[in-house]
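Under the numbering used here, the letters of the sequence shown match residues 16 to 91, in that order. Ideal Cβ placement from N, Cα and C applies to all residues, glycine included.
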Amino acid sequence: MLILLGFRTAYRTLASRSGTCQYCHQYAPQHVEERANKLTLFFIPLFTTSRRYGLTCSNCGNTTELTRQQRDALAA
Ligand SMILES: [Zn+2]
Numbered sequence: 016m017l018i019l020l021g022f023r024t025a026y027r028t029l030a031s032r033s034g035t036c037q038y039c040h041q042y043a044p045q046h047v048e049e050r051a052n053k054l055t056l057f058f059i060p061l062f063t064t065s066r067r068y069g070l071t072c073s074n075c076g077n078t079t080e081l082t083r084q085q086r087d088a089l090a091a
């Protein structure tokens, strides 16, 4: 019997805020994003194994890691 197990990363934008990027120093929309790693069985997501948050600049695309508390403060 063949069992196909794997991982998939799901991206989700939680909020968008305008601000100055620390990398390109441009005033541009910054997206608060969630990256969830999911265990898949036959390509069907079963459950989330880890969750990380980041602030992504829409101008240069660089991402800053966020803690859960920072995510709550920015996405509220
Ligand atoms: Zn930037």
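Could you tell me which residues DSSP puts in a beta bridge with residue i?
i   : result
R54 : One detail in the question is off: residue 54 reads as Leu in this sequence, not Arg. DSSP output for L54 lists F22 and F62 as bridge partner(s).
C72 : Q45
R32 : Q45
T82 : Per DSSP, none; premise fails for T82.
By a C-beta neighbour count over all protein chains shown, 10 Å radius and 16 as the cutoff for buried, is residue i buried or exposed?
i   : result
C39 : exposed
R83 : exposed
| field | Closer than 5 Å: residues whose CB approaches a heavy atom of ligand 1 | value | What you get when you keep residues with a C-beta closer than 5 Å to any heavy atom of ligand 1 is C36, Y38, C39, C72, N74 and C75.
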